[in-house]
Amino acid sequence: MFCVSARRLAQAGKDSIVASVASKPALTVFDNPYTARKAWPPAVDHLNPAQQLRFEKKYKRRVYLACHSPKWQKATKIGQLVSITGVLVYALFFSGEIPWWGQMGTRPEDPRQKPRTMYGILENGEPQDVPDFLKAEADLDIKTN
Numbered sequence: 004m005f006c007v008s009a010r011r012l013a014q015a016g017k018d019s020i021v022a023s024v025a026s027k028p029a030l031t032v033f034d035n036p037y038t039a040r041k042a043w044p045p046a047v048d049h050l051n052p053a054q055q056l057r058f059e060k061k062y063k064r065r066v067y068l069a070c071h072s073p074k075w076q077k078a079t080k081i082g083q084l085v086s087i088t089g090v091l092v093y094a095l096f097f098s099g100e101i102p103w104w105g106q107m108g109t110r111p112e113d114p115r116q117k118p119r120t121m122y123g124i125l126e127n128g129e130p131q132d133v134p135d136f137l138k139a140e141a142d143l144d145i146k147t148n
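Have a look at this one:
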């Protein structure tokens, strides 16, 4: 029983093993024991036409698989949605002058003021006219209490 305890105490702890692994330098091309069988990408000049065709097919397949993964498609769709929505919101609410069918004109201030003032409920910290649908909700709350 004491022999096992003494042997375990003599062994190195996990922290020292992690530290020794972390202190080793990372592998480079020159000291990597795992060498590649072939160089990638191969020198196309040195390949015969059949090997070039094989290489092109393999490369096209890899590119197709990389670009048609579900993550890539989802990221592309989200990027398109964000960019289109951002442009529309900016054009409708925040741009100063928009040319409409060749005519320059300023849009009314109302669409740009609403998002800045919480749709007209608060303006510069002072309550304004409350819309009808909010008045109806407030009346219902008072009647239920």
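This note's numbering applies: residue 4 is where the sequence shown begins, and numbers increase by one. Beta carbons are placed, not taken as given, at the ideal position from N, Cα and C, and that holds for glycine.
Distance from the CA atom of Q54 to the CA atom of A29, rounded to whole angstroms, is 35 Å.
The closest CA to that of A46, considering only N35, P36, F58, is found on F58.
The three-state reading of DSSP puts V32 in coil, since its state is none of H, G, I, E or B. Taken atom to atom, the span from the alpha-carbon of A39 to that of S72 is near 27 Å. P73 sits in a helix when the DSSP states are folded into three classes.
DSSP places L95 in the helix class (H, G or I) of the three-state scheme.
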